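>
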Amino acid sequence: MTPDQRDRLDTAVAAFRDRQFGRAADGLRQLASELAPTDMPWELLANAEAATGDRAAAMSALDRRLALDIRSVPALLLKAQLLEQDGDSGGATSHYQAALNQNAVSGGCPEQLRPLLEHGQAYIGKSQQRYAEYLRDTIGKPPSPRLAMALDLMAGKREVFLQQPSVFYFPELPQRQFYEPAEFPWLEPMLALVPRMQAELEAVENAAGAADFTPYVKAEPNRPAPNNPLLDDPAWGAFYFWRGGERVAANADRCPATMAALELAPMPRIDARSPVSLWSRLLPGAHIRPHHGMLNTRLICHIPIRTAPGCTLRVGNEVREWRDGVPLVFDDSIEHEARNDGDRSRTVLLFEIWRPEIAPDEREALARLFATIAAYNE
649 MTPDQRDRLD
659 TAVAAFRDRQ
669 FGRAADGLRQ
679 LASELAPTDM
689 PWELLANAEA
699 ATGDRAAAMS
709 ALDRRLALDI
719 RSVPALLLKA
729 QLLEQDGDSG
739 GATSHYQAAL
749 NQNAVSGGCP
759 EQLRPLLEHG
769 QAYIGKSQQR
779 YAEYLRDTIG
789 KPPSPRLAMA
799 LDLMAGKREV
809 FLQQPSVFYF
819 PELPQRQFYE
829 PAEFPWLEPM
839 LALVPRMQAE
849 LEAVENAAGA
859 ADFTPYVKAE
869 PNRPAPNNPL
879 LDDPAWGAFY
889 FWRGGERVAA
899 NADRCPATMA
909 ALELAPMPRI
919 DARSPVSLWS
929 RLLPGAHIRP
939 HHGMLNTRLI
949 CHIPIRTAPG
959 CTLRVGNEVR
969 EWRDGVPLVF
979 DDSIEHEARN
989 DGDRSRTVLL
999 FEIWRPEIAP
1009 DEREALARLF
1019 ATIAAYNE
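Quick note: the sequence shown, position 189, residue 837 per this note's numbering, numbers continuous.
#1: Just verifying my parser: in three-state terms, what is the DSSP assignment at Trp-970?
#2: So which of Gly-670, Glu-983, Gln-846 and Met-907 has the shortest CA-CA distance to Ala-705?
#3: Report yes if the CB atom of Asp-881 is closer than 8 Å to the CB atom of Pro-869, and no otherwise.
#4: Taking just the CA atoms, how far does Cys-949 sit from Glu-836?
#5: Return no unless some Cβ of chain B is closer than 8 Å to the Cβ of Asn-875.
#6: Which two residues bound the contiguous alpha helix (DSSP H) that contains Ser-814?
#7: Can you give me the Cβ contacts of Trp-834 inside the same chain, cut-off strictly under 8 Å, excluding the 5 residues immediately before and after it?
#8: Can you tell me which of Gln-776, Ala-747, Val-974 and Leu-1017 puts its alpha carbon nearest to the alpha carbon of Phe-832?
#9: Would DSSP call Glu-1000 helix, strand or coil?
#10: How many whole angstroms separate the CB atoms of Ala-698 and Leu-730, which I take to be in contact at a CB cut-off of 8 Å?
#11: Given Phe-1018, which residues of its chain have a CB within under 7 Å of its CB, disregarding the five upstream and five downstream residues?
#12: Pairing CB atoms from the region 1000-1017 with CB atoms from the region 871-886, are three or more of them under 8 Å?
#13: Cα separation between Leu-910 and Gly-990?
#14: Runs of 4 residues minimum, wholly inside the region 820-891: which ones carry the alpha helix (DSSP H) assignment?
#15: Measuring CA to CA, which of Arg-1003, Pro-689, Ala-905 and Glu-732 is closest to Arg-654?
#16: How big is the Cα-Cα spacing for Ala-780 and Tyr-744?
#17: Quick check: what's the CA-CA separation for Ala-1022 versus Gly-892?
#18: Pull up the DSSP beta-bridge partners for Ser-922, would you.
#19: Please return the same chain residues whose Cβ sits closer than 8 Å to the Cβ of Leu-748, not counting the five positions on each side in sequence.
#20: In the DSSP output, which residue or residues are listed as bridge partners for Cys-959?
#21: How big is the Cα-Cα spacing for Ala-934 and Asn-988?
#22: Please classify Pro-916 as buried or exposed, where buried requires at least 16 neighbouring CB atoms within 10 angstroms.
#23: Is Thr-1020 closer than 8 Å to Ile-953 when the C-beta atoms are compared?
#24: Alpha carbon to alpha carbon, what distance is there between Arg-712 and Asp-702?
#25: Ignore the nearest five residues each way along the sequence and tell me which others in Arg-806's own chain have a CB closer than 7 Å to its CB.
#26: Compare the Cα-Cα distances from Met-942 to each of Val-852, Pro-923 and Tyr-817 and report the closest residue.
#27: Given this structure, state the Cα-to-Cα distance separating Ala-855 from Ala-900, to the nearest angstrom.
#28: What do you reckon, are the CB atoms on Met-845 and Leu-997 nearer than 8 Å?
#29: If I measure Cβ to Cβ from Leu-961 and keep anything under 8 Å in the same chain, skipping five residues before and after, which residues do I get?
#30: Please list the terminal residues of the continuous alpha helix (DSSP H) segment that includes His-940.
#31: Quick check: Gln-750 and Arg-719, are their CB atoms within less than 8 Å of each other?
#32: Could you name the residues of the same chain whose beta carbon sits closer than 6 Å to that of Met-649, not counting the 5 residues immediately before and after it, in chain order?
#33: Whose C-beta lies closer than 7 Å to the C-beta of Arg-656 among residues of the same chain, with five residues either side of it excluded?
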């Protein structure tokens, strides 16, 4: 850029600031015919053209800028604004979204355009809401929960949560957050034992108070301590019946009804690893933060023993409460969290089962694999 061109650019900028938009646009158009495209402030020209009412020229200037850098956040935002003003909801939404995505990755939004970026976020939300309402009005009530979720995902009301086990991934399993109790006939006779299990829990607590419950998150010898806020915290307590494939006799002998209930479940039998079963207790105020389980070859089952208001479990997109007589069966390899926002403790019988989609011969092979891994680690 020559000194004369720099002076004329400064004059055009001053005219724009003084709201002399026609003069600014004239000067910038002349510079656009002289300067290399990479030296031209196309966003400024677009703003000047738009201020004079020449929206086509403004759009052309922004397209010139985007031809040089298709992810220019200022150009994307300004073009989105023009498209919004023209009533092109689809075009505006896509450009606002592109600007938001790019800014999240690498920044690039000038401070003076920050309000427009925030407006774009709100605009996308309103567009998605209108889209969802249109779909509901057009097709009516979805006939199944998974179709309802599919529509919510398409409308941006939910996000996709997939299996992300921290240790072992078994491919081609369905991505289901919760399973329904009716899918497991053996749950019904387990539930018939709940009153006796409740009496056993009360007897244990009356006999020893909290002494028999240990913190669920504990450091292992010769291993780094878990980076978990609940480390050694009794707010998440455990009373084990099976641990690492070994029966915890001191606890199991005191709770025959609970042990009888567990015999009904298809728990994995793996040397040095499974079964694992326990009473899991959350005290008021406890929050198990979002995390993923180690494997996707299992499901986690919760049999409510003592429910309490304000206690919730979120798996992926779905939040459920523990209710009397209603087991929760879920895939813990999907992001999940639990909390007790009430004023009373909540206790469930927690155990793992094989996923029903895994065939018997695969279960046998997986059991050998996991036992081998456990032996190697020892």
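Built from N, CA and C at the ideal position, the CB exists for glycine as well. Fair warning: this is a prediction, and the values are worked out from it, not measured in the lab.
Let me lay it out:
#1: As a first step, residue 970 is located in the sequence shown; it is residue number 322 there, counting from the start. Residue state, collapsed to three classes: coil.
#2: In the sequence shown, the residue the question calls residue 705 occupies position 57. Cα-wise, what sits closest to Ala-705 is Gly-670.
#3: Counting from one through the sequence shown, the residue named residue 881 turns up at place 233. Counting from one through the sequence shown, the residue named residue 869 turns up at place 221. Taking a C-beta distance under 8 Å as the contact criterion, Asp-881 and Pro-869 do not qualify as a contact pair.
#4: By 1-based counting over the sequence shown, the position of residue 836 is 188. By 1-based counting over the sequence shown, the position of residue 949 is 301. Rounded to the nearest angstrom, the two C-alpha atoms are 13 Å apart.
#5: Within the model displayed, chain B is absent; a lone protein chain is all it includes.
#6: For the purposes of this step, residue 814 is taken as residue 166 along the sequence shown, with counting starting at 1. Careful: Ser-814 lies outside any alpha helix (DSSP H) and carries neither H nor E.
#7: Counting from one through the sequence shown, the residue named residue 834 turns up at place 186. So the list reads Leu-912, Ala-913 and Pro-914, once near-sequence residues are dropped.
#8: By one-based count along the sequence shown, residue 832 stands at place 184. For Phe-832, the closest C-alpha among the options Gln-776, Ala-747, Val-974 and Leu-1017 is that of Val-974.
#9: For the purposes of this step, residue 1000 is identified with residue 352 of the sequence shown, where counting begins at 1. Residue state, collapsed to three classes: strand.
#10: Here residue 698 is taken as the residue at index 50 of the sequence shown, counted from 1. Here residue 730 is taken as the residue at index 82 of the sequence shown, counted from 1. Right, their Cβ atoms sit about 7 Å apart.
#11: Sequence index remark: in the sequence shown, residue 1018 carries index 370 (1-based). Contacts found: Ile-918 and Arg-921.
#12: Contact fails: fewer than three Cβ-Cβ distances are below 8 Å.
#13: What you label residue 910 is simply residue 262 of the sequence shown in a count that begins at 1. What you label residue 990 is simply residue 342 of the sequence shown in a count that begins at 1. Those two C-alpha atoms are separated by around 28 Å.
#14: Annotation: the region 820-891 contains the following complete segments of the alpha helix (DSSP H) (minimum length 4 residues), in chain order: 835-840 and 842-856.
#15: The residue given as residue 654 occupies position 6 in the sequence shown. Among Arg-1003, Pro-689, Ala-905 and Glu-732, the Cα nearest to that of Arg-654 belongs to Pro-689.
#16: Position 132 of the sequence shown, counting from 1, holds the residue named residue 780. Position 96 of the sequence shown, counting from 1, holds the residue named residue 744. Between Ala-780 and Tyr-744, the C-alpha separation is close to 19 Å.
#17: As a position in the sequence shown, residue 1022 is number 374, starting the count at 1. As a position in the sequence shown, residue 892 is number 244, starting the count at 1. The alpha-carbon atoms of Ala-1022 and Gly-892 are separated by roughly 10 Å.
#18: As a position in the sequence shown, residue 922 is number 274, starting the count at 1. Ser-922 is bridged to Ile-918.
#19: Locating residue 748 in the sequence shown gives position 100, where the first residue counts as 1. Same-chain partners within the cutoff: Leu-765, Gly-768, Gln-769 and Ile-772.
#20: Here residue 959 refers to the residue found at position 311 of the sequence shown. According to DSSP, which records beta bridges pairwise, Cys-959 is partnered with Asn-988.
#21: As a first step, residue 934 must be located in the sequence shown, where it is residue number 286. As a first step, residue 988 must be located in the sequence shown, where it is residue number 340. Their Cα atoms are separated by approximately 5 Å.
#22: Locating residue 916 in the sequence shown gives position 268, where the first residue counts as 1. Taking a 10 Å sphere around the C-beta of Pro-916, we find 16 or more other C-beta atoms and assign the residue as buried.
#23: As a first step, residue 953 is located in the sequence shown; it is residue number 305 there, counting from the start. As a first step, residue 1020 is located in the sequence shown; it is residue number 372 there, counting from the start. One thing to note: Ile-953 has its Cβ no nearer than 8 Å to the Cβ of Thr-1020.
#24: Within the sequence shown, residue 702 is the residue found at index 54, counting from 1. Within the sequence shown, residue 712 is the residue found at index 64, counting from 1. Whole-angstrom Cα-Cα distance: 16 Å.
#25: Against the sequence shown, residue 806 aligns to sequence position 158. Around Arg-806: Met-797, Asp-800 and Asn-965.
#26: As a first step, residue 942 is located in the sequence shown; it is residue number 294 there, counting from the start. Among Val-852, Pro-923 and Tyr-817, the Cα nearest to that of Met-942 belongs to Tyr-817.
#27: Within the sequence shown, the letter at position 207 stands for residue 855. Within the sequence shown, the letter at position 252 stands for residue 900. Looking at the two C-alpha atoms, the distance is approximately 15 Å.
#28: The residue given as residue 845 occupies position 197 in the sequence shown. The residue given as residue 997 occupies position 349 in the sequence shown. The beta carbons of Met-845 and Leu-997 sit closer together than 8 Å.
#29: Here residue 961 corresponds to residue number 313 of the sequence shown, with the count starting at 1. His-950, Val-967, Arg-968, Glu-969, Trp-970, Leu-976, Phe-978, His-984, Glu-985 and Ala-986.
#30: The residue given as residue 940 occupies position 292 in the sequence shown. Where His-940 is concerned, there is no enclosing alpha helix (DSSP H), given that its DSSP letter is neither H nor E.
#31: Sequence index remark: in the sequence shown, residue 750 carries index 102 (1-based). Sequence index remark: in the sequence shown, residue 719 carries index 71 (1-based). Yes, the Cβ-Cβ distance between Gln-750 and Arg-719 is below 8 Å.
#32: Residue mapping note: residue 649 aligns to position 1 of the sequence shown, counting from 1. Excluding residues within five positions, the ones whose Cβ falls inside 6 Å are Asp-687.
#33: Your numbering for residue 656 matches position 8 in the sequence shown. Excluding positions up to five away in sequence, the list reads Gly-675 and Leu-679.
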